[in-house]
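Engineer: One structure follows; several queries about it will come next.
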Amino acid sequence: MPSSMNERIIVNLKDLGVAQADHQVLSNVSLNITKGEFVYLIGRTGSGKSSLLKTLYGALPPGTGKGDVAGFELSKLNRRTIPLLRRKLGIVFQDFNLLSDRTVGENLRFVLEATNWKEEPKMLSRMRDVLAQVGLQGKEQKHPHQLSGGEQQRVVIARALLNEPELLIADEPTGNLDPETSDDILLLLRKLAEENDTAVLFATHDYRIIENFPARIIRCINGKVIDEEHFEV
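Structural data, given as structure tokens:
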């Protein structure tokens, strides 16, 4: 593989084992995801999707094999390096997990301050930039309860973009949304992948979305991860 292609690989797993406690969830996982790529992760409940995602962002230590995410070797992660890995990742969950007593701007500021941003002009500029990227310009003073479900998920995506992630992990991000809003969120993530050259791994149960907006599919099934198909975006 040419070195230029190697430099674009964000997720590189080779015969990786994924386990919860003493239970082997997935075995021999081999998988590459590159910058700017949009990939679906599918599989039945209990098939190992969430365990695989947790392994990628350092919440679950890997078993056998090798795995690198955004330049970090998963088997060598520790308390000091896990936060450094997560700064290179954006994570979007089904539940919005916004701070309900704070405005949109304060929710974003909380993350910037937690990741050692210091200069006020740069923080304000970055907050405005990510809100513009998700179509929420001027919503800084709104509280989460004043926003629709789709708008709240856009705030979550904006929050995930603050530190310019190389990989965006979206775990059932449309699970609580109606079909039209789900499509809007999906198309937004596809656009962000292309415009920001950010890889997006989109875990979903919503096969309607996959049929309507085809892309590469990775499936968890019978303890394995199968790279099923490549569709033209």
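Here the working numbering is used: the first residue of the sequence shown is -14, the next is one more, and so on. Think of the CB as a built atom: it goes at the ideal place given N, C-alpha and C, for glycine as much as any other residue.
How would you call Q138, buried or exposed, if buried means at least 16 neighbouring beta carbons within 10 angstroms?
Structural biologist: The count along the sequence shown starts at 1 and reaches residue 138 at position 153. It counts as buried.
Engineer: For the pair the stretch 175 to 183 and the stretch 141 to 154, tell me if three or more CB-CB distances fall below 8 angstroms.
Structural biologist: yes
Engineer: For the beta strand (DSSP E) containing V54, name the first residue and the last one.
Structural biologist: If you number the sequence shown from 1, residue 54 lands on position 69. It spans K51 to V54 - the beta strand (DSSP E) in which V54 sits, taken as one unbroken run.
Engineer: Would you list, in sequence order, the uninterrupted beta strand (DSSP E) runs of no fewer than 3 residues that lie entirely inside the stretch 13 to 40?
Structural biologist: Fully enclosed beta strand (DSSP E) runs of 3 or longer: 23 to 27.
Engineer: Per DSSP, which one or two residues make a beta bridge with I142?
Structural biologist: The count along the sequence shown starts at 1 and reaches residue 142 at position 157. In the DSSP output, where bridge partners are listed per residue, I142 has none listed.
Engineer: Using a 10 Å radius around the Cβ and a threshold of 16 neighbouring Cβ atoms, would you call D191 buried or exposed?
Structural biologist: Your numbering for residue 191 matches position 206 in the sequence shown. Looking at its Cβ environment, which holds 16 or more other Cβ atoms inside 10 Å, D191 is buried.
Engineer: In whole angstroms, what is the alpha-carbon distance linking T66 and F57?
Structural biologist: Here the question's residue 66 lines up with position 81 in the sequence shown. Here the question's residue 57 lines up with position 72 in the sequence shown. Near 8 angstroms, if we compare the C-alpha coordinates of F57 and T66.
Engineer: Compute the Euclidean distance between the alpha carbons of T166 and T159, then round it to the nearest angstrom.
Structural biologist: Along the sequence shown, read from residue 1 onward, the residue named residue 166 stands at position 181. Along the sequence shown, read from residue 1 onward, the residue named residue 159 stands at position 174. Rounded to whole angstroms, T166 to T159 spans 8 angstroms at the Cα level.
Engineer: Quick check: the Cα distance between K39 and K(-1), rounded to an integer number of angstroms?
Structural biologist: On the sequence shown, residue 39 is found 54 positions in, with the first residue counted as 1. On the sequence shown, residue -1 is found 14 positions in, with the first residue counted as 1. The straight-line gap from Cα to Cα measures roughly 17 angstroms.
Engineer: Give, in chain order, every unbroken run of the alpha helix (DSSP H) that is at least 4 residues long and sits entirely within the stretch 55 to 81.
Structural biologist: Counting only unbroken stretches of 4 or more residues, the alpha helix (DSSP H) elements lying wholly within the stretch 55 to 81 are 66 to 72, in sequence order.
Engineer: Based on Cα-Cα distance, which residue from F23, E149, S60 and K124 lies nearest to R72?
Structural biologist: For the purposes of this step, residue 72 is taken as the residue at position 87 of the sequence shown. The shortest Cα separation from R72 among F23, E149, S60 and K124 belongs to E149.
Engineer: Can you have a look at E157 and say buried or exposed, based on whether 16 or more other CB atoms are within 10 angstroms of its CB?
Structural biologist: In the sequence shown, counting from the first residue as 1, residue 157 sits at position 172. So E157 ends up on the buried side.
Engineer: Just the C-alpha distance for E213 and I202, rounded to the nearest angstrom, thanks.
Structural biologist: Here residue 213 refers to the residue found at position 228 of the sequence shown. Here residue 202 refers to the residue found at position 217 of the sequence shown. So the alpha carbons of these two residues sit roughly 6 angstroms apart.
Engineer: I'd like the list of long-range same chain contacts for S32, defined as Cβ closer than 7 angstroms, with 5 residues on each side in sequence excluded.
Structural biologist: Counted from its first residue, the sequence shown places residue 32 at position 47. Only C205 and I206 meet the Cβ criterion.
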